[in-house]
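Residue numbers (our numbering): 75 to 552. The beta carbon of each residue, even a glycine, is placed where N, CA and C say it ideally should be. Everything below concerns the one structure shown next.
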């Protein structure tokens, strides 16, 4: 679940103090969707809905009757009542007999009222869902059909033996009302977001549910489980293009993965406070479903509530994966053993939880733990790209796992705690890190100047797919 990664565009990091305290004259306009007394209950910012799209004339002419994506941004200024806590918080997530029940209940909670409206958050009649602002900014910015933001490259053979070419992933995240309250605290002043909203003693409250739908331009010829796809049109780059934004086109994108995050107080005992889950699409189970109902073809890959730092089993399931290898020594990752439902999965390092479009040398929780502002830490340490390879050039075993940075990467980090000294925690949300970073890039470009604090640390340059940026004359790791 580490595919939402941060990419800098060749500039130094923006001043931290500027981000937290300075209010610029170029204010964000306000336009509330509420009226009267209700307006005081919601954030009234009017952030852009998306960043990349056909011109209005082209869209209206070529797609008559369709609607463009609208950002759900009426974040609640009042904490939801405890009566709104999800019922699945009563299901044991760490027991072999119940974890599958738990993660399927999270999926059902996320889908209830949303499948019927094609995941248009504003139309749900069951519960309120919100989107992250500022995902529109920059070359990776969200597109206008469904708000999908450019996410990660999918390397050859990552999805299966028939996938000989690279593909790409785009994604959209949804935040429930508990998470929306934290977004309100962060973004209620659109010119001066509060980065401390996700750091202790603050942070996402108990009951937070975040889910993300991930789409790929790969299809059933690349991976047979993508048959009978759930398809959305999207305005995307023809290929990954090394992260550059050139020549976007309209292209069908197919649902391949769903990630969930739950702030569950019972996970505090494991030193994290979060429960992660990942699902893989399997269209072979379609059985007549059409449209958004095909989201029900998502099958649990597993659940994770810690990184099992005590287990140093050093293995990688290399691409192309032939079968799911489950590590029985892991206590804080549970993997679905049903090969009749779940397509073969590469998982993460040592068999930790990871999705089909994620890197097989990381884990959901380790990557998300690095979420911070500014994003000083690499989302994946360089040691995760150094090791032995097979005849196809795919990693089979890492050789630098004793490095301090790698060991830290698989420790358990408490929620709302910074991963790096002098950075602020984004409480395991990489989209929070992205949004704050994009906002500061925009502000820096608008004022056309620099601040002293920008020169106080050396930034870590990152590609959006999580791999470390290769410096000139430095060999690329497989």
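| Query | Result |
| --- | --- |
| Inter-stretch contact (C-beta, 8 Å, three-pair minimum) for the stretch 372-392 and the stretch 172-183 | yes |
| Per-residue burial, residue 408 [other beta carbons within 10 Å of its own, 16 or more giving buried] | buried |
| Residue 184 burial status per 10 Å Cβ neighbour count (16 or more: buried) | buried |
| Residues bridged to residue 228 [DSSP beta-bridge criterion] | 241 |
| Selection from 383, 469, 315 and 418 that minimises the alpha carbon distance to residue 478 | 383 |
| Residue 172 in three-state terms, based on DSSP | coil |
| Three-pair Cβ contact test at 8 Å for the stretch 242-252 versus the stretch 185-202 | yes |
| Those residues which DSSP pairs with residue 499 across a bridge | 446 |
| Inter-residue Cα distance where the pair is residue 523 and residue 449 | 21 Å |
| Alpha carbon of residue 116 to alpha carbon of residue 153, nearest angstrom | 11 Å |
| Cα-Cα separation between residue 373 and residue 429, rounded to whole angstroms | 11 Å |
| 8 Å Cβ shell around residue 255 - same chain, five flanking residues per side excluded | 149, 150, 151, 152, 153, 154 and 279 |
| Residue environment, residue 134, which counts as buried when at least 16 other CB atoms sit within 10 Å | exposed |
| Three-state class that DSSP yields for residue 181 in the structure shown | helix |
| Completely contained alpha helix (DSSP H) runs for the stretch 465-527, where each covers 4 or more residues | 478-483 and 504-521 |
| The ligand COA heavy atom lying under 7 Å from the CB of residue 332 | This structure lacks the ligand COA; in fact it carries no ligand of any kind. |
| Paired residues, beta bridge with residue 405 - DSSP | Bridge partners of residue 405: none, in fact. |
| Other residues of its chain near residue 197: CB distance less than 6 Å, five sequence neighbours each side excluded | 191 |
| Option in 427, 413, 243 and 394 with minimal Cα separation from residue 401 | 427 |
| Reduced DSSP secondary structure (H/G/I, E/B, other) of residue 308 | strand |
| Option in 501, 516 and 521 with minimal Cα separation from residue 257 | 501 |
| For residue 305 and residue 140, the rounded distance between their alpha carbons | 15 Å |
| Spatial neighbours of residue 509 in its chain, beta-carbon cut-off 7 Å, leaving aside the 5 residues before and after | 206, 207, 208 and 209 |
| Pairwise C-alpha distance: residue 422 and residue 353 | 14 Å |
| Distance between residue 521 and residue 88 (C-alpha atoms, nearest Å) | Unreliable positioning characterises residue 88 in this predicted model, as indicated by a pLDDT of 35, which lies under 50. The coordinate reading is nonetheless provided below. So the alpha carbons of these two residues sit roughly 12 Å apart. |
| Exposure label - residue 443; buried when at least 16 CB within 10 Å | buried |
| C-beta atoms of residue 355 and residue 308 nearer than 8 Å | no |
| Cutoff 7 Å; reference residue 418; Cβ partners in own chain excluding five residues on either side | 395, 396, 397 and 398 |
| Spatial distance of residue 302 from residue 441 (CA atoms) | 31 Å |
| Residue burial classification, residue 466 (beta-carbon count within 10 angstroms, cutoff 16) | exposed |
| Cβ neighbour criterion (16 or more within 10 Å) applied to residue 412 | exposed |
| Option in 507, 289 and 351 with minimal Cα separation from residue 227 | 289 |
| One or two residues paired with residue 375 in a DSSP bridge | DSSP, once it has assigned bridges, lists no residue as partnering residue 375. |
| Residue 339 and residue 323 closer than 8 Å at C-beta | no |
| Three-state class that DSSP yields for residue 348 in the structure shown | strand |
| Buried or exposed by the 16-neighbour rule on C-beta atoms within 10 Å, applied to residue 546 | A caution first: residue 546 carries a pLDDT of 35, below 50, which makes its placement in the model unreliable, though a value can still be read off. Exposed is the call here. |
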